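A short write-up of the structure that comes next.
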Amino acid sequence: MMPCTVCGKSEMMPYMCKFCSLEFCSQHRLPENHNCAGLAQWKNNRTFGKIIYPPMQDKAVGKRNKPELGEGILKAGITLFFLLALIVFILL
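Numbering (the numbering used here), first residue to last: 166 to 257.
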């Protein structure tokens with residue numbers, strides 16, 4: 166059994182603070198409840214990096230592969246034709 170660093174109360178399962186690595190009872194387990202020096206140091210050391218995005222380009226970079234008008238319909242029609250032919254062949 167380890168005593169609490171703040172009040173000295175012994176607990177079977179003490180809590181270890183992830184900021185200062187000291188052990189505490191259930192009442193003092195939160196960093197705010199034991200005036201954690203490690204938490205203050207962690208807050209000072211953390212940094213929020215800025216994400217810098219590249220500037221957008223004014224014009225298109227490449228040509229879009231867009232099918233010509235009716236090309237998709239033509240392919241679908243051919244596929245449908247072969248599917249119907251296959252069904253007729255199987256049934257006869």
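Note that the Cβ used here is the ideal one computed from N, Cα and C, for glycine as well.
What you are looking at is a predicted structure, and each value in this text was computed from that prediction instead of being measured.
Endpoints, the alpha helix (DSSP H) within which residue i is located
i	result
K208	A202 to N210
Between the CA atoms of residue j and residue i - distance to the nearest angstrom
i	j	result
M177	R211	33 angstroms
Y180	I217	40 angstroms
F189	K208	21 angstroms
I255	L248	11 angstroms
Residue j beta carbon less than 8 angstroms from that of residue i
i	j	result
C185	G203	yes
P196	C182	yes
E198	Q206	Here the sequence assigns Asn to residue 198, which means Glu is not the residue at that position. Result no, Cβ atoms of N198 and Q206 do not sit closer than 8 angstroms.
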